[in-house]
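Everything below concerns the one structure shown next.
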Amino acid sequence: MDEKIERNNEPDFVDQTDPLEDNYAVNLDAKGERLYDLSRRSNRPIKFWIFLIFAFFILMMVGYRFYGNIINPLKYDVPEWLQNQLSVEEETAKTIAELKETDTDQDGLNDYQEIYQYYTSIFLPDTDSDGFTDGEEVNLGEDPICPIGESCNLLRLITPNTKLSSIVQDINLDPNLTVQEAAVKEFRKFLLDNGFEQKDLDALSDEDLLAIFRITDESNILDGDKLNASSTPEQIRNFLLLLPGVDTAEINAMSEEELITVAEELIAK
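If you're matching positions, the sequence shown starts at 3 in the numbering used here and goes up one per residue.
Next comes the structure, spelled out in structure tokens:
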């Protein structure tokens with residue numbers, strides 16, 4: 003008796019060749035269904051470049067603020083409380099002389115140093131509330147507006163010097179708020195104030211923002227006067243290597259000409 007072989011009974015053919023993966027078996031689940039999504043892999047370069055371009059724009063803005071802090075160290079807005087105490091007729095030289103002779107909070111730093119040099123509070127002997135007076139921290143080579151043991155680099159890059167002490171004091175008043183959380187909060191405000199859309203910022207997690215800052219802080223691409231196409235190939239390579247999800251071998255294999263081309267393309271965006 004002839005057997006009827008119905009098409010529906012034929013075993014399905016499974017293509018076990020994958021141009022992107024030698025071991026096909028690892029991409030099957032317990033039922034033999036394919037786990038590997040080729041489209042997801044193909045989208046990865048697109049997502050990477052979007053992140054790269056976004057990070058670069060942030061670096062440019064942070065770099066501009068950083069550049070301004072370098073070339074304008076003495077451009078300082080007199081606090082409102084002090085402006086209210088000064089009459090228009092008072093001579094600046096006389097005011098400065100008086101500030102240099104006064105130590106309101108008796109912390110070892112005169113009021114001129116606190117207002118114009120260290121940006122600390124003239125009313126609080128320990129601006130960052132870490133147990134050391136502002137004067138003691140300066141003598142120890144520490145930052146008087148950053149608690150000892152903490153990193154305030156991000157806050158310094160994105161926050162005007164005149165507002166640093168008030169932010170640090172807010173952190174000290176809220177036991178649930180860390181320096182890192184405050185930095186991320188200020189970072190989001192900084193980006194929003196500089197033209198980024200709220201919806202774009204909402205799509206970024208705190209970890210994403212910290213990763214972008216880590217690139218800023220560790221890549222050394224901000225070394226020098228400003229961020230521009232004069233960055234060396236080595237600086238560009240270090241910048242790319244710090245980005246999440248990159249192919250380290252591919253970046254290390256790039257020539258200096260290729261690295262410079264990448265930087266030029268980013269600047270032109």
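Backbone N, C-alpha and C fix where the C-beta goes; we use that ideal spot for every residue, glycine too.
Predicted model only: the values in this text are computed from it and were never measured.
Check, Outcome
"Indicate the three-state DSSP secondary structure (helix, strand or coil) for Ser168 in the structure shown.", "helix"
"Just to confirm before moving on: does the CB-CB distance between Thr135 and Gly151 stay below 8 Å?", "no"
"Return the chain-ordered list of same chain residues with a C-beta closer than 8 Å to the C-beta of Glu183, the five sequence neighbours on each side being excluded.", "Asp208"
"In whole angstroms, what separates the C-alpha of Pro149 from that of Asp132?", "5 Å"
"Can you tell me where the alpha helix (DSSP H) with Pro235 in it begins and where it stops?", "235 to 243"
"Name the two residues that bound the continuous alpha helix (DSSP H) containing Phe189.", "181 to 195"
"For Gln108, which of helix, strand or coil comes out of DSSP?", "coil"
"Please name the residue in Leu211, Gly137, Phe189 whose C-alpha comes closest to that of Arg158.", "Phe189"
"I'd like the span of the alpha helix (DSSP H) that includes Leu142, first residue to last.", "136 to 142"
"Using only the alpha-carbon positions, how far apart do Lys102 and Tyr121 sit?", "14 Å"
"Put Asn25 into one of helix, strand or coil per three-state DSSP.", "Only weak support exists for where Asn25 lies, its pLDDT of 42 falling under 50; the coordinates are left without a value."
"Helix, strand or coil for Tyr121, going by three-state DSSP, please let me know.", "coil"
"Residues in the same chain with beta-carbon distance under 8 Å from Leu194, minus the five sequence neighbours each way, listed in chain order, please.", "Gln200, Leu203"
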